[in-house]
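Contents: one structure, followed by commentary.
Numbering (UniProt numbering), first residue to last: 1 to 119.
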């Protein structure tokens, strides 16, 4: 989605007018923060990690299509949950998970004791 598309969506959905430079600055800062989070080091061992995906309907080139947001969630020892990673894919499938495992390994994960996969 480009800056003109975001400008149009903001006007249409939220009735807010933002300049293209403001939108560019905001998207740059958000993208920078997201990339830092996506590349942060992870712990070497996780006890329980849930792997799941949520299907959303999104507008793409004027058409409504399904996209899946895949995510890994860890249960910490203190009972809190932590999202380890999120990825966007075309459809919910087992094969997608195989493709993101190298990302977790590159970020330092060596072992997931109990992986729980929901398809």
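Where is the CB? At the ideal position from N, CA and C, for every residue including glycine.
For the pair residue 49 and residue 73, the CB atoms are nearer than the 8 Å cut-off. Annotation for residue 105: the continuous alpha helix (DSSP H) segment containing it runs 94–106. With contacts defined by Cβ atoms closer than 8 Å, residue 23 and residue 45 do not form a contacting pair.
For residue 25 and residue 7, the gap between their C-alpha atoms comes out near 13 Å.
The residue among 98, 70 and 93 with its C-alpha nearest the C-alpha of residue 86 is 70.
If you draw a 10 Å sphere on the C-beta of residue 20, you find fewer than 16 other C-beta atoms in it, and that means exposed. Residue 51 is a Cβ neighbour of residue 118, given a cutoff of 8 Å. Note on residue 80: under 16 other CB atoms within 10 angstroms of its CB, so exposed under the neighbour-count rule. For residue 111, the CB contacts under 6 Å within the same chain, skipping 5 residues up- and downstream, are 45 in chain order.
Non-local C-beta neighbours of residue 100 in its own chain, meaning closer than 6 Å and more than five positions away in sequence, comprise 87, ordered along the chain.
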